[in-house]
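Trainee: Note that the protein sequences, when read in sequence, are chains H and F. Using my numbering, the letters of the first sequence correspond one by one to residues 2 to 176. Using my numbering, the letters of the second sequence correspond one by one to residues 2 to 176.
Number of protein chains: 2
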Amino acid sequence: MRRIVILRLGHRAFRDKRITTHVGLTARALGAEGMLLASDDPSIKQNIEDVGVRWGGGFYVTNNVNWEHEIRKWKDIGGKVCHLSMYGINLPDALDDIRQCGQLMIVVGAEKVPPEIYDLADWNIAVGNQPHSEVAAIAITMDRIAATDPLRQPLPGGQLSIVPMERGKKVIEKH
Amino acid sequence: MRRIVILRLGHRAFRDKRITTHVGLTARALGAEGMLLASDDPSIKQNIEDVGVRWGGGFYVTNNVNWEHEIRKWKDIGGKVCHLSMYGINLPDALDDIRQCGQLMIVVGAEKVPPEIYDLADWNIAVGNQPHSEVAAIAITMDRIAATDPLRQPLPGGQLSIVPMERGKKVIEKH
Chain H
2 MRRIVILRLG HRAFRDKRIT THVGLTARAL GAEGMLLASD DPSIKQNIED VGVRWGGGFY
62 VTNNVNWEHE IRKWKDIGGK VCHLSMYGIN LPDALDDIRQ CGQLMIVVGA EKVPPEIYDL
122 ADWNIAVGNQ PHSEVAAIAI TMDRIAATDP LRQPLPGGQL SIVPMERGKK VIEKH
Chain F
2 MRRIVILRLG HRAFRDKRIT THVGLTARAL GAEGMLLASD DPSIKQNIED VGVRWGGGFY
62 VTNNVNWEHE IRKWKDIGGK VCHLSMYGIN LPDALDDIRQ CGQLMIVVGA EKVPPEIYDL
122 ADWNIAVGNQ PHSEVAAIAI TMDRIAATDP LRQPLPGGQL SIVPMERGKK VIEKH
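1) Please state the DSSP three-state secondary structure of residue 131 (chain F).
2) Using the Cα positions of residue 111 (chain F) and residue 131 (chain H), report the straight-line distance between them to the nearest angstrom.
3) Report the CB separation of residue 90 (chain F) from residue 121 (chain F) in whole angstroms; it is logged as a contact under 8 Å.
4) Under DSSP, the beta strand (DSSP E) around residue 86 (chain F) begins and ends at which residues?
5) Return helix, strand or coil for residue 78 (chain H), following the three-state DSSP convention.
6) Verify the CB distance criterion: does residue 167 (chain H) have a CB-CB separation below 8 Å to chain F?
7) Give, in chain order, every residue of the stretch 43–71 of chain F whose Cβ lies closer than 7 Å to some Cβ of chain H.
8) Comparing C-alpha positions only, which one of H:115, H:144, H:42 sits nearest to residue 16 (chain H)?
9) Whole angstroms is fine: what's the gap from residue 62 (chain F)'s alpha carbon to residue 23 (chain H)'s?
10) Kindly say whether residue 120 (chain F), judged by its beta-carbon, lies nearer than 8 Å to any beta-carbon of chain H.
11) Any beta carbon from chain F within less than 8 Å of residue 170 (chain H)'s own beta carbon?
12) Starting from residue 101 (chain F), find everything on chain H with Cβ-Cβ shorter than 9 Å and list it in chain order.
13) Report the option in H:95, H:102, H:151, H:160 whose CA atom is closest to the CA atom of residue 153 (chain F).
14) At 7 Å on the CB atoms, spell out the chain F contacts of residue 136 (chain H), in chain order.
15) Would a check of beta-carbon distances place residue 5 (chain H) closer than 8 Å to chain F?
16) Cβ of residue 82 (chain H) less than 8 Å from any chain C Cβ?
17) Please list, in chain order, the chain H residues whose beta carbon lies closer than 7 Å to that of residue 128 (chain F).
18) Hey, out of F:18, F:165, F:93, F:80, whose CA is closest to residue 108 (chain F)'s CA?
19) Spatial neighbours of residue 68 (chain H) within its chain, please: CB distance less than 7 Å, with the 5 preceding and 5 following residues excluded, ordered by chain position.
20) Could you tell me which residues DSSP puts in a beta bridge with residue 47 (chain H)?
21) Out of curiosity, what's the CA-to-CA distance linking residue 66 (chain F) and residue 76 (chain F)?
22) Would residue 33 (chain F) pass as an interface residue toward chain H - the criterion being a Cβ-Cβ separation below 8 Å?
23) Just checking: is the beta-carbon of residue 87 (chain H) within a distance shorter than 8 Å of some beta-carbon in chain F?
24) Where does the unbroken alpha helix (DSSP H) through residue 149 (chain H) begin, and where does it stop?
25) Does residue 166 (chain H) come out as helix, strand or coil in the three-state DSSP assignment?
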């Protein structure tokens, strides 16, 4: 079982609230264990962890971390770091390599990231060398590196679950 | 060559500006031809089409469409409609079917969509039955249905292009 943690840089509480929330919810839905937020915005932690209470899984958000400290700590336990931006090696060209990693930190910035990140990362990866979205970049990366289909992994626990259907909505409450 | 168009519903100019921009940029980067915006927000069109001028491709945004009219028009020319939400059939269970479609409209809402959408859609699809992100849902759907790797398809034209590299950033101006 691969461990995946997201490190979110450059979040600004006003401008990025919804994008950072989507980053966290996407990582959670695809099987990451948690997100480290290198900014102070307790509402992000609250919103995402509330989703976990209702919909299951153990995804955590750690607010206001020191990004450099977290990267070094991760590397000290043998983890590797994959930084996603539009400038790196195209994902398909690095996939075989990244797939072998058992403890992966995925770093995504908002607009700009500190230049040291490019040196600290084991991989600087572009999910296509076009501008698009850190949410999409995480989604495609996690989907492509997964050993088993992440859309078929149920998250344990929670109060609610969906019964997939062709038309309409069906949500059941668990007891 | 498959045609893909995005129909974006429920966009609110203040709250959703960045998410809708990410929806459009992601669809563009993965090979969609354009996005129809069922709300009035000319800044979305401007921002996304400006990216196209700089980075290539012919992606368009049509502002303030009538969603019902666009869906019916699309169906009249033989197109199919795939609505993404958290309630539908899980994507892996419908993939073989959707892959056969040559003209696909992908519909994504913000929070809630008009209930008629569930009936008008040919497919109501969940990219996993967990709450996450319409940006991630489009990214994974487009990535999985693609016949050839969408991260390897260059967008023609534009003023700038990136030279992928292991460390740092390299952007070249085209002449």
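Even for Gly, the Cβ is constructed at its ideal location relative to N, Cα and C. Model, not experiment: these values are computed from the prediction.
Mentor: On the basis of the coordinates in this document:
1) Position 130 of the second sequence, counted from the start, is the residue given in the question as residue 131 (chain F). Here residue 131 (chain F) sits in coil by DSSP.
2) Against the second sequence, residue 111 (chain F) aligns to sequence position 110. Against the first sequence, residue 131 (chain H) aligns to sequence position 130. Cα to Cα, the separation comes out at about 24 Å.
3) Sequence index remark: in the second sequence, residue 90 (chain F) carries index 89 (1-based). Sequence index remark: in the second sequence, residue 121 (chain F) carries index 120 (1-based). Your pair residue 90 (chain F) and residue 121 (chain F) does not check out as a contact, with CB atoms roughly 16 Å apart and the cut at 8 Å.
4) In the second sequence, counting from the first residue as 1, residue 86 (chain F) sits at position 85. For residue 86 (chain F), the enclosing beta strand (DSSP E) covers residues 81–91.
5) Translated into positions along the first sequence, residue 78 (chain H) becomes position 77. It is coil, neither helix nor strand.
6) Working through the first sequence from its first residue, we reach residue 167 (chain H) at position 166. It does: the Cβ of residue 167 (chain H) has a partner Cβ on chain F nearer than 8 Å.
7) 52, 56
8) For this step, residue 16 (chain H) is matched to residue 15 along the first sequence. It is H:42.
9) Stepping through the second sequence from its first residue, residue 62 (chain F) is reached at position 61. Stepping through the first sequence from its first residue, residue 23 (chain H) is reached at position 22. About 23 Å.
10) Working through the second sequence from its first residue, we reach residue 120 (chain F) at position 119. By this cut-off, residue 120 (chain F) is an interface position.
11) In the first sequence, residue 170 (chain H) corresponds to position 169, counting from 1. Judged by the 8 Å Cβ criterion, residue 170 (chain H) is in contact with chain F.
12) Taking the second sequence and counting its residues from 1, one reaches residue 101 (chain F) at position 100. The contacting residues do not exist; residue 101 (chain F) stays about 17 Å from chain H at best.
13) Working through the second sequence from its first residue, we reach residue 153 (chain F) at position 152. Of the listed residues, the one whose Cα sits closest to residue 153 (chain F) is H:95.
14) Translated into positions along the first sequence, residue 136 (chain H) becomes position 135. The answer, in chain order, is 23, 134, 136, 137.
15) What you label residue 5 (chain H) is simply residue 4 of the first sequence in a count that begins at 1. No, residue 5 (chain H) lies away from the interface with chain F (no Cβ there is under 8 Å from its Cβ).
16) In summary, chain C is missing from the structure at hand, where the protein chains are H and F.
17) Along the second sequence, read from residue 1 onward, the residue named residue 128 (chain F) stands at position 127. Correct list: 152.
18) Numbered from its first residue, the second sequence carries residue 108 (chain F) at position 107. Residue 108 (chain F) has its Cα closest to that of F:80, out of F:18, F:165, F:93, F:80.
19) Residue 68 (chain H) sits at position 67 when you count from the first residue of the first sequence. Only 8, 10, 39 meet the Cβ criterion.
20) For this step, residue 47 (chain H) is matched to residue 46 along the first sequence. For residue 47 (chain H), which the question treats as bridged, DSSP gives no partner whatsoever.
21) Locating residue 66 (chain F) in the second sequence gives position 65, where the first residue counts as 1. Locating residue 76 (chain F) in the second sequence gives position 75, where the first residue counts as 1. When rounded, the distance between both Cα atoms is 16 Å.
22) Locating residue 33 (chain F) in the second sequence gives position 32, counting from the first residue. Residue 33 (chain F) does not count as touching chain H.
23) For this step, residue 87 (chain H) is matched to residue 86 along the first sequence. Judged by the 8 Å Cβ criterion, residue 87 (chain H) is in contact with chain F.
24) The residue you call residue 149 (chain H) lines up with position 148 of the first sequence. Counting along the chain, residue 149 (chain H) falls outside any alpha helix (DSSP H), and DSSP gives it neither H nor E.
25) Counting from 1 along the first sequence, the entry for residue 166 (chain H) is found at position 165. Coil, per DSSP.
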